[in-house]
Amino acid sequence: MQAASVPVSLNHGTSFRTVAGLTRVTKSYGSRRALDAIDLRVSSGEILALLGPNGAGKTTAVKLLLGLLNPDEGQVRIFGNDPRQARGRQRTGAMLQVARVPETLRVREHIDLFASYYPHPLSIAETMDAAGIRELANRKFGELSGGEKQRALFAWALCGNPDLLFLDEPTVGMDVEARRGMWKQIRALAARGKSVLLTTHYLEEAEALADRIVVLHHGRIIENGTAAEIKSRVTRQLVKCRTRLRIEELMRFTHVNDVQRDGDSVEIQTSSTDDVLRQLVQADPEACGFELRSGGLEEAFLALTTD
Amino acid sequence: MNVYWKETKYEFLKMLRNPRFALSALAMPLLFYVLYAVVMYKSRHMGGATMASYMLATFGSFGVMGACLFGIGLNLANERGLGWLEVKRASPLPPAIYFLAKLTIGVLFGAVEVAVLFALGIGLAHVRLSPVDTLRMLGILVAGSIPFAALGLALGYLAKPDSAPVLVNLIYLPLAFFSGLWMPVEFLPKALQHVAVYPPPYHLSRLALGVLGADRDHLYWNHWQSLACFTAIFLGLAMIGYRRDNARQNGLA
């Protein structure tokens with residue numbers, strides 16, 4: 010079925026197929042380097058979140074995969090083809106950030122038009138159900154609210170019944186309820202075997218949706234893994250206390266990343282506060298004034314992306 | 025084929041529902057025609073024909089030119105500016121279909137415009153044209169709108185989206201005036217008369233006037249040749265604009 014795609018084995022022990030990928034891709038806009046020799050794979054059936062602050066290179070990666078931009082170096086493939094050829098895009102659907110859409114056409118007309126670009130599209134009714142916009146069918150695009158527009162854009166990303174969907178900031182500008190509705194629809198797509206690459210700068214969204222998260226910063230991939238893996242790697246937990254132990258002794262503890270002395274107290278950076286506490290009390294029974302600080306996800310994200 | 029049909033159909037609906045396009049590109053030539061040919065100079069003659077039939081040819085040229093410059097040029101510049109062109113490019117729609125649909129719509133609106141002009145001329149200003157001549161003039165105006173469709177493409181790619189409406193009007197209105205579309209070339213000041221014989225609308229209006237026998241023109245083929253040359257030049261400009269736009273998106277310009 011996917012003769013052109015390459016089977017790859019990931020550490021999960023299961024065999025996945027790569028449906029889209031960037032290989033050592035570099036892309037600059039003038040002197041500004043947006044992507045710096047990155048490798049990115051989307052595997053069949055997974056939801057991959059590209060996470061990063063504005064300007065990290067997320068949209069550039071998506072545009073390269075859609076054939077809208079030419080890479081300076083490296084190779085871009087979707088289903089084994091060059092996305093710059095229209096044929097290569099027949100199995101992909103995209104939701105881009107658009108300033109405005111022709112406003113005089115009705116939602117169902119837009120869907121009818123977009124579906125005609127694909128060889129085996131969903132029907133208009135199926136599309137509207139999948140995107141949850143049945144009630145918007147006969148509204149002109151210009152009459153929709155911001156959130157409704159996002160859902161309509163989502164509808165034409167999926168109307169061609171594509172195997173791979175690119176969603177660039179799909180829930181930007183949505184209220185909490187609409188966002189959760191969109192998440193449900195994205196999960197439903199994945200449940201039907203579709204692959205999804207979504208970009209977001211909402212951590213919560215990446216964590217709620219993605220099988221795998223790739224964190225981009227200044228055009229480089231700085232983390233790649235499940236939400237839990239990334240969290241455990243980057244979450245900064247701190248143990249603060251007063252102890253007579255010297256820094257060198259503390260550094261010998263397991264799970265200690267860094268120690269700083271501040272007057273008569275020390276700050277120990279660790280990936281496991283529990284382990285550090287046990288070791289501390291054993292080594293120095295008189296240690297006192299314990300304070301624990303555990304960074305949340307938001308903090309982890311900041312840790313990743315601040316210089 | 026189905027793709028081309030749908031793309032054209034919705035392009036048509038989109039433009040039809042766009043009041044600014046309907047007013048500036050479609051209504052203006054009709055209003056001018058009614059004002060000049062029906063209200064003011066109904067009984068006048070010009071070059072062996074009634075003013076009302078003479079102006080069918082000139083305002084017909086004006087009409088197809090407007091339909092192409094606004095319907096293709098301004099429309100394309102807008103969609104480029106809004107990022108809508110990018111959405112299309114990200115889809116499997118072959119780019120040729122997108123442009124072909126735009127060209128079709130420009131030419132089609134021009135044809136509709138001319139048909140309405142004819143109806144006005146025949147209904148209100150007693151224009152008498154044989155069915156054969158009517159079809160000939162319609163055919164010339166539609167075929168002769170191709171250079172303006174090409175100019176529309178060029179403007180769509182070369183104009184900055186924000187300033188496109190101004191630019192299109194700055195080309196549309198003076199070009200029509202200086203080619204003798206609003207008033208016959210003979211009425212223009214002497215200095216302008218020498219200039220008026222070069223721009224493409226002049227050649228189109230001469231070809232259309234030829235049908236009336238008003239100005240049987242020994243330069244018939246020269247006019248077609250000029251229009252063909254302008255088409256090639258405008259397509260070349262459109263290609264330059266297209267490349268420049270691509271380069272800019274890729275951060276090269």
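These protein sequence lines map, in sequence, to chains A and B.
For the first sequence, the residue numbers in my numbering are 10 to 316.
For the second sequence, the residue numbers in my numbering are 25 to 277.
Beta carbons are placed, not taken as given, at the ideal position from N, Cα and C, and that holds for glycine.
query                                                                                                                                                                          : result
According to the neighbour-count rule (16 or more other Cβ atoms, all chains shown, within 10 Å of its Cβ), is Asn63 of chain A buried or exposed?                             : exposed
Thinking C-beta only, is Thr255 of chain B closer than 8 Å to Ile129 of chain B?                                                                                               : no
Starting from His129 of chain A, trace the beta strand (DSSP E) both ways and give me its first and last residue.                                                              : His129 of chain A -> no beta strand (DSSP E), and no H or E assigned at all.
So is Val17 of chain A in contact with chain B if we call contact Cβ pairs under 8 Å?                                                                                          : Summary for Val17 of chain A: the model assigns pLDDT 45, below 50, so the residue's position carries little reliability; its value from the coordinates is reported in the next sentence. No, its Cβ sits nowhere closer than 8 Å to a Cβ of chain B.
Here's the rule I'm using: 16 or more other beta-carbon atoms within 10 Å means buried, otherwise exposed. How should Ala219 of chain A be labelled?                           : buried
How many Å lie between Val88 of chain B and Lys30 of chain B at the Cα?                                                                                                        : 23 Å
Against chain A, with Cβ distances strictly below 8 Å, would Ala114 of chain B count as a contact?                                                                             : yes
Whole angstroms are fine: how far does the CA of Leu57 of chain A sit from the CA of Val15 of chain A?                                                                         : Low confidence applies here, because Val15 of chain A scores a pLDDT of 46, under 50, leaving its location unreliable; read the following figure in that light. Whole-angstrom Cα-Cα distance: 18 Å.
Who are the neighbours of Leu37 of chain B on chain A, taking C-beta pairs under 8 Å?                                                                                          : Thr113, Leu114 and Glu118
Hey, quick one: how far does the alpha helix (DSSP H) through Thr252 of chain A stretch, first residue to last?                                                                : Counting along the chain, Thr252 of chain A falls outside any alpha helix (DSSP H), and DSSP gives it neither H nor E.
Quick check: what's the CA-CA separation for Ala134 of chain A versus Ala161 of chain A?                                                                                       : 13 Å
Taking only runs that begin and end inside the region 259-294 of chain A, name each unbroken alpha helix (DSSP H) of 4 or more residues, in chain order.                       : 282-292
From the DSSP output, in three-state form, read off Asn42 of chain B for me.                                                                                                   : coil
Would you mind telling me which residues of chain A sit closer than 7 Å to Gly275 of chain B, beta carbon to beta carbon, in chain order?                                      : Ser37, Tyr38 and Gly39
How about Arg253 of chain A and Glu295 of chain A: are their beta carbons less than 8 Å apart?                                                                                 : yes
So is Ala143 of chain B buried or exposed if we call it buried at 16+ other beta carbons inside 10 Å?                                                                          : exposed
Please check the pair Pro111 of chain A and Lys38 of chain B, which I expect to be a contact at CB under 8 Å, by giving their CB distance rounded to whole angstroms.          : 5 Å
The alpha helix (DSSP H) that contains Glu232 of chain A, what's its start and end?                                                                                            : Here Glu232 of chain A belongs to no alpha helix (DSSP H); instead the beta strand (DSSP E) covers Arg229 to Gly234.
Answer with buried or exposed for Glu238 of chain A, where buried requires no fewer than 16 other C-beta atoms within 10 angstroms of its C-beta.                              : exposed
So, is the C-beta of Gln99 of chain A closer than 8 Å to a C-beta in chain B?                                                                                                  : yes
Roughly how many angstroms separate the alpha carbons of Gly97 of chain A and Ser40 of chain A, rounded to a whole number?                                                     : 30 Å
Would Pro224 of chain B and Phe202 of chain B qualify as a contact pair, given that the criterion is a beta-carbon distance under 8 Å?                                         : no
Closest by CA to Tyr211 of chain A, which one among A:Gly182, A:Ser280, A:Ala200 and A:Arg201?                                                                                 : A:Gly182
With a CB to CB cut of under 6 Å and the five nearest residues on each side skipped, what residues in its chain are close to Leu153 of chain B?                                : none
Does Ser14 of chain A get closer than 8 Å to chain B when you measure Cβ to Cβ?                                                                                                : For Ser14 of chain A, the predicted structure reports a pLDDT of 44, less than 50, and the residue's modelled location is therefore unreliable. A value from the coordinates is still provided. Output row for Ser14 of chain A: interface = no.
For chain A, is any of its Cβ atoms less than 8 Å away from the one on Val111 of chain B?                                                                                      : yes
Assuming contact is defined by CB atoms lying nearer than 8 Å, are Leu75 of chain A and Phe150 of chain A in contact in what I supplied?                                       : no
With 8 Å set as the bound, which would you pick, yes or no: does the beta-carbon of Pro185 of chain B sit closer than that to a beta-carbon of chain A?                        : no
If you drop the 5 nearest sequence neighbours on each side, which residues of the same chain put their C-beta closer than 8 Å to that of Pro208 of chain B?                    : Met70, Gly71, Tyr78 and Thr82
Please list the terminal residues of the continuous alpha helix (DSSP H) segment that includes Glu152 of chain A.                                                              : Per DSSP, Glu152 of chain A belongs to no alpha helix (DSSP H) and is neither H nor E.
Rounded to whole angstroms, how far is the Cβ of Gly156 of chain A from the Cβ of Ala187 of chain A, which I believe are closer than 8 Å?                                      : 5 Å
Could you list the residues in the region 37-66 of chain B with a C-beta less than 7 Å from some C-beta on chain A, going in chain order?                                      : Leu37, Lys38, Arg41 and Asn42
In chain order, what residues of the same chain have a beta carbon less than 6 Å from the beta carbon of Ser169 of chain B, not counting five sequence neighbours either side? : Val88, Cys92, Val131 and Gly134
Look at the alpha carbon of Asn246 of chain B and the alpha carbon of Gly95 of chain B, and state the distance between them as a whole number of angstroms.                    : 28 Å
Quick one: Cα of Gly272 of chain A to Cα of Val290 of chain A, how far?                                                                                                        : 20 Å
Could you pull the DSSP bridge partners for Ala73 of chain B from this structure?                                                                                              : B:Met70
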